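Okay, structure first, notes after.
2 protein chains.
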Amino acid sequence: MGSSELLEKLHTIDRDSLYLGRAASVLHWDQETYLPEKGVEERSEQLALLEGIAHEKLTSPETGRLLSELGSSTENPSGDEKLPELERDFLKVLRRNYDRAVKLPGDFVSAAARAEGLSQAAWVSARRDNNFSAFLPHLVKMIDFSRQRAIYWGYKDNSYDGLLDIYEKGMGVKAISEVFTPLGKRLGELLKKISSKLRPDYSFLDQEFDVEKQAGFSRDLLKRLNFDTNRGRLDISAHPFTTTLGSDDIRITTRYLKRQVQSGIFSTIHEAGHAFYEMGFPEELRLSSLADGASMGIHESQSRLWENVIGRSRAFWEAMYPVLRSYFPGQLSAFTAEDFYRAINLVEPSLIRIEADEVTYSLHIIVRFEIERELFHGKLDPAKLPDFWREKMKELLGVQPETDADGVLQDVHWSMGSFGYFPSYALGNLYGLQFWEKLRSEIPDAELQIAQGNFAPIRDWLKETIYIWGCRKDPSELLKTVTGKSLSAEPFLDYVESKYAGIYGF
Amino acid sequence: MGSSELLEKLHTIDRDSLYLGRAASVLHWDQETYLPEKGVEERSEQLALLEGIAHEKLTSPETGRLLSELGSSTENPSGDEKLPELERDFLKVLRRNYDRAVKLPGDFVSAAARAEGLSQAAWVSARRDNNFSAFLPHLVKMIDFSRQRAIYWGYKDNSYDGLLDIYEKGMGVKAISEVFTPLGKRLGELLKKISSKLRPDYSFLDQEFDVEKQAGFSRDLLKRLNFDTNRGRLDISAHPFTTTLGSDDIRITTRYLKRQVQSGIFSTIHEAGHAFYEMGFPEELRLSSLADGASMGIHESQSRLWENVIGRSRAFWEAMYPVLRSYFPGQLSAFTAEDFYRAINLVEPSLIRIEADEVTYSLHIIVRFEIERELFHGKLDPAKLPDFWREKMKELLGVQPETDADGVLQDVHWSMGSFGYFPSYALGNLYGLQFWEKLRSEIPDAELQIAQGNFAPIRDWLKETIYIWGCRKDPSELLKTVTGKSLSAEPFLDYVESKYAGIYGF
């Protein structure tokens, strides 16, 4: 069989597995948006079946055989050097997914899945009851399963490296520590400066904003951002998310809170940022595993860029505040765009990660990273986690939770065994500003364009420099290609320091 | 392996195939309700893949082997006589589905699917352009494929029997002709009587009814009918339909026309009738192929019973008209429940089946049945279809279409090769009234209950006598079990004759 024929067969397997994954995404999206209450139980059975079949397709001996015949191995994932670059990237990604899937024994996978189910349920009750010790045995199991998973997959120095590698290919403990340490330090200093200043008045946001009108504004906003509703939708769910149900079917969700108009707005912009990425993959990557984000962190860089750097900028509200005010004249006519800009950029150390502002958000992540690092280096007894959490919060944010529910139990991730995931969020902030720095150098009037409500130049630039690669490049490689530089916290730090010096006056 | 172990394996295959079918239904439902415009193309690929995998599961050699080991064969589908009745019914249905699927060669199935795709597209243009001859070659192919399919499946007298059998098990040309001939005759006589009388005034329905309010009334109506929104939903689509996405997830759709308030109302009630059936299967049939309607016609008997016998009754509007009027005081305050009752029961021979009233609807079906019968008995040249259509319409309804678009080209069914499907609609009317006659004898005050808006006794009766069987019984067997009688047009004819004598005064 010639290589083109082998590749065609491999693409068919990959495409079928993608279709099955997307079919599962339809079921999942429906579950979060429209599924009648009692339909949940059977739906999870349907989902498990679909995911099982997709997994079977991907890990069939046929896949392994085709990969090998095309010269792809764990050591040389991209295969035969004479193949076109695009196909070599395809082989690289497929080999990686294949290896990851087949290296885990079936028994281990089902044991882990069962344990995760129990662990999540235990976490829900433990958080509700503020009872860490009830969750502890599950947490210990989750750590063990994760460590074991890292062993199956293989790692260089420590099992934590192996876990980080899943979410942020090529990014290990050492590299992350090297940026997170100075990042934490300078953010801490910035926070101290801000805390010494007068807190801006944001009480006018604490009014009732009709939910239907909020939805109208969100749709309006998406239109102005050129979100293509022929290729996507906006719906409502309890937890906002973005999901790809097809190459031309990328959906986002948001939620509207009556007394927190900013929540729905920024969730919409955040998810739109994810969606722009997914909508922007080039034609030639469609219907293949290459039509994916380069990493969790790179994906998050896109959502945070839109939500924070663009969406929380003065220029953005220069264009959008008159629109927002036209939806809520009663609530907003006495306030200016500048008032609104200051109110949505309030900085305040708080206990809960998902409610944190731009300055403190990464500090919440560093707390989690340092805890995970200690756990997997065996230096931290899981039973001591609540104390260590309080200590770290005090050290980095200057506040301490009174309960574990507001502390170590607040996030779902660990209960699902997703160790190594948290750093992606903060890396997203850093990548985002590195990209933004480059974008600004190539579109010097970007801010002016934003202030005029013209987002096309930014959308185009992101598409042509970032989206165009899909997941062909690992995150650090993509960063190098786009910016010419390695990971650095400098652009992010310069951005927050300058922005908040302006707002708080120092 | 013991029989219980064999059965367990077979149930797993059946359940997986059911889950996959329902997953496909989620994708299909989404396509008709929320899918962004450009997502359609890839969605059909995803659907084809899912349906292919479901088919593969059902027709695997493993299925055949397990069926055989349990004593099930084409001749003795229910298998070993020592098995419990429920399992024997399960084997019967599974054997039937299995046989139907494996008897068609793979090449034939894909050739037919391709031809059907082209044929449907050709039909769409032909109807639009009123050009029957452009559709004719496709129609001829569809007839050939259907005849060939019937040969693969096997039949007694004529290939048309084989096709009818798919939709209405055990109901052949002879049995249907025997009821349709007198049915057509008496409906024709009734129509003549009605046409000689004064046409009731229904002009007050030709006003604008706000679509949002129509949706509000439909939701209200469903609530009063005890439609469980924890186990189902109502959405909007171009063509109303009912679909089962899970044992506890049965969804209906409707559509609202500004100037035809009755359209949305009766679509809602019609689909709710289908949904009640699907929601009412007993616990022990859940998650198996037995959780299905006994036939197309029995399913239609449920939707038509609710839509027409209950929904277009005087008693129903005695309860519901005040509610409807509260939604539309401007349009309806000058009119009584009796005015509304007469307006929604207007009888008039018309050209289009889906717009027909209770009296003329079955005549449209008889036209189609007689044409199909002649086609498959080889007595009618497909090229002569438009003329034959006009002739039959004149004979049975006294009207003739001026264009083929309003005549032979109006329905999608033949373009998809669905010959033998139409009779189910009229059989549904007949079954429905046979069931209703029995129900009335057991709930003598049914009308009074309806007039009081109390639908629980009717829902309960249908559940305990009909829904309880799922598809364990063939339609004629179910009819016998429930009513003690064979198929008869008498109850339906008695019902329409008496109802319309009352309205039109003769």
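In order, the protein sequence lines correspond to chains A and B.
Heads up: the first sequence is residues -10 to 495, going by the working numbering.
Heads up: the second sequence is residues -10 to 495, going by the working numbering.
The C-beta atom is built at its ideal place from N, Cα and C for all residues, glycine as well.
Only a predicted model underlies this, so the values are computations on that prediction, with no experimental measurement involved.
Across the structure, glutamine 291(A) and phenylalanine 121(B) are spaced so that their CA atoms are roughly 54 Å apart.
The C-beta distance from threonine 242(A) to glutamate 21(A) rounds to 7 Å, short enough to meet the 8 Å contact threshold. Taking all protein chains shown into account, serine 315(B) has fewer than 16 neighbouring C-beta atoms within 10 Å of its C-beta and is therefore exposed. Identification of residues in the stretch 235 to 257 of chain A having a C-beta nearer than 7 Å to some C-beta of chain B yields Gly235, Ser236, Asp237 and Asp238, given in sequence order.
The bridge partners DSSP lists for glycine 235(A) are Asp238(A). Put simply, the stretch 374 to 393 of chain A does not touch the stretch 100 to 109 of chain A. Fewer than three CB pairs are less than 8 Å apart.
In the DSSP assignment, threonine 243(B) forms a beta bridge with Ile225(B). Under the three-pair Cβ rule at 8 Å, the stretch 331 to 347 of chain A does not count as touching the stretch 217 to 224 of chain A.
Taking a C-beta distance under 8 Å as the contact criterion, valine 91(A) and leucine 279(A) do not qualify as a contact pair.
Among the CB atoms of chain B, one or more fall inside 8 Å of the CB of arginine 220(A). When DSSP states are grouped into helix, strand and coil, glutamine 389(B) belongs to the coil group. Within its own chain, the residues whose Cβ lies closer than 6 Å to the Cβ of alanine 13(B), once the five positions on either side in sequence are excluded, are Leu36, Leu39 and Glu40, listed in chain order. Secondary structure note for leucine -5(B): its alpha helix (DSSP H) is the uninterrupted segment -8 to 22. The C-beta of glutamate 34(B) comes closer than 8 Å to at least one C-beta of chain A.
In the structure shown, glutamine 249(B) falls within a strand segment according to DSSP collapsed to helix, strand and coil. Between tryptophan 295(A) and histidine 259(A), the CB-CB gap stays under 8 Å. Counting C-beta atoms within 10 angstroms of its own C-beta, threonine 170(A) has fewer than 16 neighbours from the protein chains shown and is therefore classed as exposed.
Assignment of glycine 282(B) by DSSP, reduced to helix, strand and coil, places it in the coil class. Annotation: lysine 368(B) is outside any alpha helix (DSSP H) and is labelled neither H nor E by DSSP. Leucine 223(B) places its beta carbon less than 8 Å from that of leucine 211(B). Chain order gives the chain B residues near glutamate 26(A) as Thr218, Asn219, Arg220 and Asp237, where near means a beta carbon separation below 9 Å. Boundaries for tyrosine 410(A): no alpha helix (DSSP H) harbours it, and the DSSP string shows neither H nor E there. Assignment of isoleucine 258(A) by DSSP, reduced to helix, strand and coil, places it in the helix class. Not a single CB atom of chain B sits nearer than 8 Å to the CB of aspartate 133(A). Between alanine 12(A) and chain B, the shortest Cβ-Cβ separation is below 8 Å. For valine 200(A), no Cβ of chain B is located within less than 8 Å of the residue's own Cβ. Contacts with chain A (Cβ-Cβ distance below 7 Å) from the stretch 28 to 57 of chain B involve Gly28, Glu31, Arg32, Glu34, Gln35, Leu38, Leu39 and Ile42, listed in chain order. When C-beta distances to chain A are compared with 7 Å, every residue of the stretch 434 to 463 of chain B stays at or above that value.
Residue Thr349(A) holds the alpha-carbon nearest to the alpha-carbon of phenylalanine 481(A) among Ala435(A), Val15(A) and Thr349(A).
In the assembly as shown, histidine 228(B) is an exposed residue. Its beta-carbon has fewer than 16 other beta-carbons within 10 Å. Taking the beta carbon of leucine 9(B) as reference, the chain A residues within 9 Å of it are Gln35, Leu38, Leu39 and Ile42, listed in sequence order. In the structure shown, tyrosine 489(B) adopts helical secondary structure according to DSSP, grouped into three states.
Cβ neighbours of glutamate 157(A) within its own chain (closer than 7 Å, five residues either side excluded): Ser284, Met285, Gly286, Pro412, Ser413, Leu416 and Pro464. By a beta-carbon distance limit of 8 Å, glycine 95(B) does not contact alanine 43(B). Their separation comes to about 15 Å. Under the three-state reduction of DSSP output, tyrosine 266(A) falls in the helix class.
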